[in-house]
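To start, the structure under review is shown below, and the notes come after it.
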Amino acid sequence: MTTPVSTTGTTVLPVTAPAAVEEPVERRIRLGGVDEGTVLTVVGAAAGSLALTWLLYERILPFSGAFGFLVCWYLVFLATAWGIARLQWDARTVRDRMVQILVGSSGLLVVALIFDQIGYVAFRGEHAASHANFFTQDMLRTATLSPITSGGALNAVVGSLEQLGLATLFAVPLGIAAAVFMSEIGGRLARPVRTVVEAMTALPSIVAGLFVLGVVILTLGLQKSGFAASLALTVMMMPIVTRAAEVVIRLVPGTLREASYALGGSQWRTVLNVVLPTARPGLVTAVVLGMARGVGETSPVLLTSGFTSGMNANPFSDHQVSLPLYIWNYVRYPAPDMVARGFAAALTLMVLVLVLFATARIVGGRRPGELTRRQRRRIARDLLALPGDRDLSDEEN
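The sequence shown lines up with residues 1 to 397 when you count with full-length UniProt numbering.
And the structure:
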């Protein structure tokens, strides 16, 4: 290769283009989710820890019992998962993966326990719940050794629904009124009222039953009945409704209140026509949560309602049984069919509570003031039906 020479005799060096600078490649950081490495790590750690725990717990060490085995397996699983993760990733990624494994396994453990309880109750109560007479008869003409085709829990279902309905009728207005007082009115009494409500939230249910028993039944002379039981359930439900309703009312935007005041609305009209309608989904959730808390209480009902084997549809007269009291009474019998009836009643109660919580989740899934699909369609239909829009559409046509 010859070097080019200019006409003046000087050597001309070739000009080379500067080398291209490689720009660093930005790697996208994935937040959340589960990748293939994490899944394989969890599966391998679970299998290895299971084999190691079985070998040590059952063959070498003098231990026994299912509960201890599960606890040791979980601890060995976490240690094994940390070791496998440490071989693959850096320290920061290992911490992130271990937190994911810990949180995910804890959630699966809770779900497994819930399904275990539901499955056990359903297994023990299926023998009685599979017969139609369980939901259509009471226990008035059923003896201890009567067949499973005799007797049922109709009286307990009716009693629970009536007592829950009365308790809701008493607790909801009081709870929402207390929530409105604490969030909208305030003043010097707001803090003591909030303190009392928070203390009542953790009140043992037996104390509520003793309160109604001592004040209403023994002092005022009211007999044990479904009405007395509903008063005890009211004491349990009211703080739940109050706390949940207060939180929901505080979430209502302050601009809505200011707009109402600017239009000349008074405070009570603002609360009645603006705040409460805006917080309606959350208030319904608060009410349903209170109902789910009250329907499963046993101690207040045991002290205030009495027990009867027959049907009593009048909650204001004589003893009235409910599902929790029905369960508590019949699971103590030595006869297997009686125990099966108690578990069938427990299954019925679990289904009722599940329906209440599902209703709360569906109704309370919207934010305060958020419109439903039906409401949005109705507003759009009303806007299209306005006279001005109709005239405009006619002119365009």
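Idealized CB from N, CA, C, for every residue including glycine. Owing to the predicted nature of the structure, the values given are computational and were not obtained by experimental measurement.
*asked:* What does the alpha-carbon distance come out to for the pair Pro192 and Val355?
replied: 35 Å
*Do you know offhand how far Ala259's Cα is from Ala360's?*
30 Å
*asked:* Measuring only the C-alpha atoms, how far is Leu323 from Ala345?
replied: 6 Å
*Helix, strand or coil: how does DSSP classify Val247 here?*
helix
*At which residues does the alpha helix (DSSP H) containing Tyr326 begin and terminate?*
Leu323 to Tyr330
_Closest residue to Gly119 among Met236, Leu347 and Met238 (Cα-Cα distance)_ = Leu347
*Taking the C-alpha atoms as reference points, what is the distance between Leu154 and Tyr326?*
10 Å
*Using only alpha-carbon positions, find the residue among Gly165, Gly151 and Pro315 that is nearest to Tyr330.*
Gly151
*What separation, rounded to the nearest whole angstrom, lies between the Cα atoms of Ala85 and Gly37?*
9 Å
*Could you tell me if Pro239 is buried or exposed, where buried requires 16 or more neighbouring beta carbons within 10 angstroms of its beta carbon?*
buried
*Span of the alpha helix (DSSP H) holding Leu289?*
Arg280 to Val295
_Going by DSSP in three states, Leu174 sits in which element: helix, strand or coil?_
helix
*Could you give the distance in angstroms between the alpha-carbon of Ile249 and the alpha-carbon of Leu203?*
24 Å
*Closest by CA to Val301, which one among Val252, Phe227 and Val271?*
Phe227
*Using only alpha-carbon positions, find the residue among Arg377, Ala232, Val172 and Ser266 that is nearest to Leu289.*
Val172
*Could you pull out every unbroken beta strand (DSSP E) segment of at least 3 residues lying fully inside the stretch 95-164, listed in chain order?*
none
_Assuming Ser205 is part of the alpha helix (DSSP H), what are its boundary residues?_
Ser205 to Val212
*Under the three-state reduction of DSSP, which class applies to Met236: helix, strand or coil?*
helix
_Coil, strand or helix - Phe63 by DSSP_ = coil
*Are the beta-carbon atoms of Ser131 and Thr144 separated by less than 7 Å?*
First, the amino acid is wrong: residue 131 is His here, not Ser. No.
*To the nearest whole angstrom, what separates the beta carbons of Arg194 and Met236, a pair I think is in contact under 8 Å?*
Arg194 to Met236, Cβ: 18 Å. No contact.
*By DSSP, does Met311 sit in helix, in strand, or in coil?*
coil
*If you draw a straight line from the alpha carbon of Ser49 to that of Asp90, how long is it in whole angstroms?*
23 Å
*Among Phe357, Asp337 and Arg381, nearest to Ala128 - alpha-carbon criterion*: Asp337
*By DSSP, does Arg377 sit in helix, in strand, or in coil?*
helix
*Three or more C-beta pairs below 8 Å linking the stretch 259-275 and the stretch 295-313*: no
*For Phe307, collect the residues of the same chain with a Cβ closer than 8 Å to its Cβ; drop the 5 residues on either side in sequence, then sort them by chain order.*
His319, Val321, Leu325 and Asn329
*In whole angstroms, what is the alpha-carbon distance linking Thr168 and Val353?*
15 Å
*So, is Gly65 buried or exposed, given that buried needs 16 or more other C-beta atoms within 10 angstroms?*
exposed
*Is the CB-CB distance between Val271 and Val180 below 7 Å?*
yes
*Around the C-beta of Arg124, are 16 or more other C-beta atoms found within 10 angstroms, so that it is buried, or is it exposed?*
buried
*Taking all protein chains shown into account, decide if Glu396 is buried (16 or more other Cβ within 10 angstroms of its Cβ) or exposed.*
Confidence at Glu396 is low in this model, with a pLDDT of 49, below 50, so its placement is unreliable and no value can be given for it.
*Report the residue from Ser230, Ala245, Val121 and Arg332 whose alpha carbon sits nearest the alpha carbon of Arg280.*
Ala245
*Helix, strand or coil for Gly83 per DSSP?*
helix
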